[in-house]
Amino acid sequence: MKRIALFASGSGSNAEKIAAYFADNTSVDISLIASNNPKAGVIDRARRGFGRRLHIPVLLFDRATFYDTDRITQLLQNQHIDLIVLAGFMWLMPSKLVQAFPNKIINIHPALLPKFGGKGMYGHFVHEAVVAANETESGITIHYVNEHYDEGQIIFQASCPVLPTDTPEDVAQKVQVLEHLHYPKVVEDVLMR
Ligand code: GRF
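Residue numbers (my numbering): 430 to 622.
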């Protein structure tokens, strides 16, 4: 049995796709939904069983617990988590946690890294920057996580066209289609490595 912990701070649409993808897989367990944000949509989705009657425990933590204690790392180790999957998780991973899970933390970024990454580059800021730069394509990057925003080794990328008439919202929609299509499969791939 492989065990996944999903970290999310926002709406949780990717977390939901991943949870649904593995719902009938008897060798993969989504063991935990972890979040810093009690108001996040992902909490609501988890409490509704991700539309699949799934009962996944939710862990909420605050900044002090995350950065000033080892409690989250210990909990993940105690639960024998094989892979930590960030799906719209907004906080930088503390280096102790990164060191405790080498090459076992992955993230999805809504652009083609190394372009349009780094601190402050999240959500609509990314798509606004892509449109402002007159890019002709954007896409997704799935990468390992290290102590710096969006700098870990790239595992997978997929791209979509950006038309001159596209608004940031248009780009966001195209990118989200790619995220939902690819992230669960790439998670499975990394898990089986
Ligand atoms: C996605 O665009 C992902 O690439 C980024 O945060 C967003 C999360 O969206 N890291 P959701 O909460 O899964 O809907």
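Every residue gets a Cβ at the ideal spot worked out from N, C-alpha and C, and that includes glycine. None of these values were measured; they are calculated from a predicted model.
Using a Cβ-based criterion (distance less than 7 Å to any ligand heavy atom), does residue i qualify as near the ligand GRF?
i    : result
G517 : yes
P539 : yes
A437 : yes
S588 : no
S524 : no
A444 : yes
Less than 7 Å between C-beta atoms, sequence neighbours within five positions excluded: which residues of the same chain meet that for residue i?
i    : result
N466 : S438
Q582 : H572 and Y573
I472 : S464 and V487
D453 : none
Quick check: what's the CA-CA separation for residue i versus residue j?
i    : j    : result
T570 : T596 : 21 Å
G441 : R474 : 7 Å
E445 : K614 : 13 Å
D497 : H509 : 22 Å
K548 : A449 : 30 Å
Looking at C-alpha atoms only, which residue of the options is the closest neighbour of residue i?
i    : options                   : result
V527 : Q506, S442 and F545       : Q506
G480 : V616, I447 and K468       : I447
V457 : A469, A434, R476 and S440 : A434
L461 : A601, K544, D453 and L512 : L512
G546 : K533, S567, I485 and G478 : S567
Excluding the 5 residues flanking residue i on each side, which residues of the same chain have their C-beta closer than 8 Å to its C-beta?
i    : result
N443 : A437, A516, G517, I537, E608, H609 and Y612
F495 : N465, I501, W520 and P523
E557 : P597
Going by beta carbon distance, what residues of the same chain come within less than 6 Å of residue i, once the five residues before and after it are set aside?
i    : result
E564 : V591
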